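Using the working numbering, the letters of the sequence shown map in sequence onto residues 1 to 128.
Note that the Cβ used here is the ideal one computed from N, Cα and C, for glycine as well.
Given the structure is predicted, the values throughout are model-derived calculations rather than measurements.
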Amino acid sequence: MNKDALADIYRAYIACLNQQDWPGLGQFVDEQVRYNGQLIGLSGYRANLQKDYRDIPDLHFTIDLLIAEPPRIAARLLFDCTPVGTFLGIAVNGRRVSFSENVFYEFADGKIAQVWSVIDKAAIEAQL
Numbered sequence: 001m002n003k004d005a006l007a008d009i010y011r012a013y014i015a016c017l018n019q020q021d022w023p024g025l026g027q028f029v030d031e032q033v034r035y036n037g038q039l040i041g042l043s044g045y046r047a048n049l050q051k052d053y054r055d056i057p058d059l060h061f062t063i064d065l066l067i068a069e070p071p072r073i074a075a076r077l078l079f080d081c082t083p084v085g086t087f088l089g090i091a092v093n094g095r096r097v098s099f100s101e102n103v104f105y106e107f108a109d110g111k112i113a114q115v116w117s118v119i120d121k122a123a124i125e126a127q128l
């Protein structure tokens, strides 16, 4: 797979998340996906995302930076949202916060097989 094709798949994956198309998630994420080194599988990955949307009803993924180097993607995602309660151990309680996530993906057979994610928690704390 070339860089452009991989980037297109990733953009379609982000669109899937923003549409909360949970049945379609399996088109992009491997059944045995690992998140930050832990095997959580597609069902665990989906459950984590669904929880994120329950905790942050206005959640929207915006790609700020995208680098495709098959079989990997590096991305900086931006968020401007209002978590309803506690988020990352911080009592946000409906206040609007902006933060980024630096995330790396490894693809296998056209699907996300590994995810490494770091959320800028300090940016959230600084706003509160």
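In terms of residue numbering, what span does the beta strand (DSSP E) encompassing residue i cover?
i, result
"asparagine 18", "It is not in any beta strand (DSSP E) - asparagine 18 instead sits in the alpha helix (DSSP H) that spans 3 to 18."
"isoleucine 73", "72 to 81"
"leucine 66", "62 to 69"
In three-state terms, what does DSSP make of residue i?
i, result
"asparagine 102", "strand"
"arginine 95", "coil"
"isoleucine 90", "strand"
"leucine 59", "coil"
"aspartate 21", "coil"
"glycine 44", "helix"
Between which two residues does the alpha helix (DSSP H) holding residue i run?
i, result
"glutamine 114", "Taken as a continuous stretch (DSSP letters only), glutamine 114 belongs to no alpha helix (DSSP H), being part of the beta strand (DSSP E) at 111 to 119."
According to the Cβ coordinates, are residue i and residue j closer than 9 angstroms?
i, j, result
"leucine 128", "valine 92", "yes"
"isoleucine 73", "glutamate 101", "no"
"alanine 115", "tyrosine 45", "Note that residue 115 is valine in the sequence shown, not alanine. Cβ distance < 9 angstroms, so valine 115 and tyrosine 45 count as in contact."
"leucine 78", "phenylalanine 99", "yes"
"threonine 86", "proline 57", "no"
"glutamate 69", "lysine 3", "yes"
"leucine 17", "glutamate 31", "no"
"valine 29", "tyrosine 53", "no"
"leucine 25", "proline 71", "no"
Would you list the one or two residues that DSSP bridges to residue i?
i, result
"arginine 34", "Leu39, Gln114"
"phenylalanine 107", "Ile112"
"valine 29", "Ile112"
Please tell me whether, using a cut-off of 8 angstroms, the distance from the CB of residue i to the nearest non-hydrogen atom of the ligand ZN is below it.
i, result
"threonine 86", "Questions concerning the ligand ZN fall outside what the structure shown contains, since it holds no ligand whatsoever."
- [ ] Would you check if the region 62 to 71 and the region 35 to 51 touch, i.e. whether three or more CB-CB distances between them fall below 8 angstroms?
- [x] no
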